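Number of protein chains: 2
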Amino acid sequence: MSLVIVGSLAFDTIQTPWGRREKIVGGSCTYCSLAASFFTAPKIVGVVGKDFPPDVIEFFQSKNIDTEGLEIKPGKTFHWEGHYGHDPNQRETIKTEMNVFENFRPELPASYRTADIVFLANIDPDLQEDILSQVSHPALVAMDTINYWIANKPDSLWRVLRKVNIFFANEEEIKMLTQEANLIKAGKRVLASGPKLVVTKKGEHGALVFGKNFVFGMLALPCEDVVDPTGAGDSFAGGFLGYLDKVGSLSRKDIRKAAVYGSVLASFAIEDFGFERFKTLTNQEIGARFRHFKKLVAF
Amino acid sequence: MSLVIVGSLAFDTIQTPWGRREKIVGGSCTYCSLAASFFTAPKIVGVVGKDFPPDVIEFFQSKNIDTEGLEIKPGKTFHWEGHYGHDPNQRETIKTEMNVFENFRPELPASYRTADIVFLANIDPDLQEDILSQVSHPALVAMDTINYWIANKPDSLWRVLRKVNIFFANEEEIKMLTQEANLIKAGKRVLASGPKLVVTKKGEHGALVFGKNFVFGMLALPCEDVVDPTGAGDSFAGGFLGYLDKVGSLSRKDIRKAAVYGSVLASFAIEDFGFERFKTLTNQEIGARFRHFKKLVAF
């Protein structure tokens, strides 16, 4: 199978109760592809400026991430600054500098156009739709979004939603999108519009996966030290889709396991700033934590 | 085994997005003992006024609840009025009329003083300590509390905590009590003060049970229609302790099952106003929902 991931590569300036980091590499595509790389060889689509560190691109390649779809443009890389307080589910955006990301209009490389799985991370829904039209017959399309697009391009968003199979969203976003106060009702509203699965991420409270006549719930790993929550959701999607790409199955059993692998990867991502933890993470550690999750909820 | 439950019996005036009910019977002791009655024959300790409906007491008795410790005093029954919005975890107290509950100083009947399990629901911690001193050698003592006592009698509360084995608290309460923003750290702080187990209830997000080198997490059943969240936490404690009293075991396996039975009973309690749902609930339905919980989290 093959997995194409479209999203942002960024410099993040992050402040959490654990400290501050200036312009470390982040972005939805970064977290998602690194998380997926523990299961498969993802192909990434994104844009960075000339200031993006070449050794990070080399690191991606060393993790079997295909960077053919990564454009390096004159100018500066997208920069986001955000602060987190003691509740890791709450974040405040201090600054967003779009830079080269402003005019991101990717043309997929030929080898990407036959992808089996496509993940459209948080970008303009019109762009998500355009990129999707460049892939011939994907077996599975997943998307994510953020409040900004829900508020500013709801029609475009609902139109893309009708073309995807899996919608990832956090609890607040899906409630905002559907204007439903109850999470299950919100999930059903989205299911009725097209997607076969809705994955609602609840941060430290875990995640719920809804399908027609199907619901799977999982806890987040109880964590004392959330060093940096940035990228948890994208790491979740990466682990989820990376696992599905590896096993080439969409059985309910594999959907459940995919969601747990998503949680496992997210639980590692938050242990350190940026993608630092993914540099040393091993498949053995992933397996051990998967078993830990199993033990946590067994009765 | 035998289980003594000490707490409030009340008239509750409740408004939720589903409607309004004036002065229906509620109170921690009511919910907890009814939930426990599906597993064992609990003995209750509480006080009501002359206005308390005799048919409710008869209903308790029909559920094998021992009401010898229930005092009927001249005056009015405790009355609480509260409103819930669309988030069932958030409630607003409109009015509290203590009435006969104001001078509640129970003397346990002789047959209660040899109880194996004692549950001290939310009442003045000094009173919890006094009642506890009336039981000779309980195998297990559990307690609950609310923000009011944390704010107004923290020293008394910490003193009782040192004498109990299980502390039930919701997430907000335990963070307030320990002044820890992280739930796991908060749990550890309480464990260090005496209790062997800390059960943190997170409403629609489930519950976490902490012990030394032990953690068990469970989801709440995804629920579209939370008709009335009142009593969910007390029903959780009732299912939890009722099951432990029935099996007479404190093995980790049974702690896990007890917590799931707690969630099961809470999931029924919120389906209707007051304890209405417990009137028709059957053991068969409880068994079916237990299996449903298992399926929800299996992977």
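Top line first, the protein sequences correspond to chains D and P. Oh and the first sequence: position 240 is 240 in my numbering, straight run, nothing missing. For any residue, its number in my numbering is found by taking its place in the second sequence, counting from 1, and adding 1000. The C-beta atom is built at its ideal place from N, Cα and C for all residues, glycine as well. These figures come from a predicted structure and were not determined experimentally.
Going by DSSP, what residue range makes up the beta strand (DSSP E) through residue i?
i        : result
I1117(P) : 1117-1120
R289(D)  : From DSSP, R289(D) is part of no beta strand (DSSP E) but of the alpha helix (DSSP H) over 283-297.
L108(D)  : Unbroken run through L108(D): none, as it is neither H nor E.
Q1015(P) : 1010-1016
I1044(P) : 1043-1049
K1095(P) : 1091-1097
I65(D)   : No beta strand (DSSP E) holds I65(D); DSSP gives it neither H nor E.
H1079(P) : 1079-1084
E1004(P) : With the sequence shown as reference, residue 1004(P) is identified as Val, and Glu is not the correct amino acid for it. 1003-1006 is the extent of the beta strand (DSSP E) around V1004(P).
Assign residue i to one of two classes, buried (16 or more other C-beta atoms within 10 Å of its C-beta) or exposed (fewer than that).
i        : result
E171(D)  : buried
D144(D)  : buried
G1252(P) : The sequence given here has Arg at residue 1252(P), not Gly. With fewer than 16 Cβ atoms within 10 Å of its Cβ, R1252(P) is classed as exposed.
N1152(P) : exposed
E1102(P) : exposed
P1154(P) : exposed
Q1128(P) : buried
N182(D)  : buried
R162(D)  : exposed
Y148(D)  : exposed
W1204(P) : The sequence shown places Glu at residue 1204(P), rather than the Trp named in the question. By the neighbour-count rule (16 or more Cβ atoms within 10 Å), E1204(P) is buried.
E1022(P) : exposed
D66(D)   : buried
D1234(P) : buried
K1294(P) : exposed
S1037(P) : buried
G19(D)   : exposed
G1046(P) : buried
E1058(P) : exposed
P195(D)  : buried
I150(D)  : buried
T16(D)   : buried
S133(D)  : exposed
H1079(P) : buried
K1175(P) : buried
T1280(P) : exposed
E173(D)  : buried
A298(D)  : exposed
K43(D)   : buried
P74(D)   : exposed
Over what stretch of residues does the alpha helix (DSSP H) that includes residue i continue unbroken?
i        : result
A1035(P) : 1028-1036
E1173(P) : 1171-1178
F1278(P) : 1276-1280
With hydrogens ignored, establish whether the beta-carbon of residue i is closer than 7 angstroms to any heavy atom of the ligand PLP.
i       : result
D234(D) : No copy of the ligand PLP occurs in the structure displayed, which carries no ligand at all.
- Query: Which residues, taken in chain order from the region 183-194 of chain D, show a beta carbon closer than 9 angstroms to some beta carbon of chain P?
  - Reply: L183, I184, K185, G187, K188
- Of all the beta strand (DSSP E) runs that stay within the bounds of the region 1115-1161 of chain P, which reach a length of 3 or more residues? 1117-1120, 1140-1143
- In chain order, which continuous runs of the beta strand (DSSP E) of length 3 or greater are located wholly inside the region 1188-1271 of chain P? 1197-1201, 1207-1211, 1214-1218
- Query: Would you call the region 215-225 of chain D and the region 251-259 of chain D in contact, with 3 or more CB pairs under 8 angstroms?
  - Reply: yes
- Given 8 angstroms as the limit, is there contact between the region 83-94 of chain D and the region 110-121 of chain D, that is, 3 or more CB pairs closer than that? no
- Task: Give, in chain order, every residue of the region 211-233 of chain D whose Cβ lies closer than 9 angstroms to some Cβ of chain P.
- Result: V215, F216, G217, M218, L219, A220, L221, P222, C223, E224, D225, V226
- Query: Does the region 2-21 of chain D come within contact of the region 120-127 of chain D, defined as at least 3 CB pairs closer than 8 angstroms?
  - Reply: yes
- Task: Check distances from the C-beta atoms of the region 1098-1122 of chain P to those of chain D and list, in chain order, the residues that come in under 8 angstroms.
- Result: none
- the region 1048-1056 of chain P in contact with the region 1183-1194 of chain P per 3-pair CB rule at 8 angstroms: no
- Message: Would you call the region 268-276 of chain D in contact with the region 241-255 of chain D, where contact means no fewer than 3 C-beta pairs closer than 8 angstroms?
- Response: no
- Task: Taking a Cβ distance cut-off of 7 angstroms, strictly less, list which residues of the region 1075-1086 of chain P are near chain D, in chain order.
- Result: H1086
- Item | Interfacial residues, the region 244-265 of chain D to chain P, with Cβ spacing under 8 angstroms | K253, R256, K257, A259, V260
- Query: Between the region 167-184 of chain D and chain P, which residues of the former have a C-beta closer than 8 angstroms to a C-beta of the latter?
  - Reply: A181, N182, L183, I184
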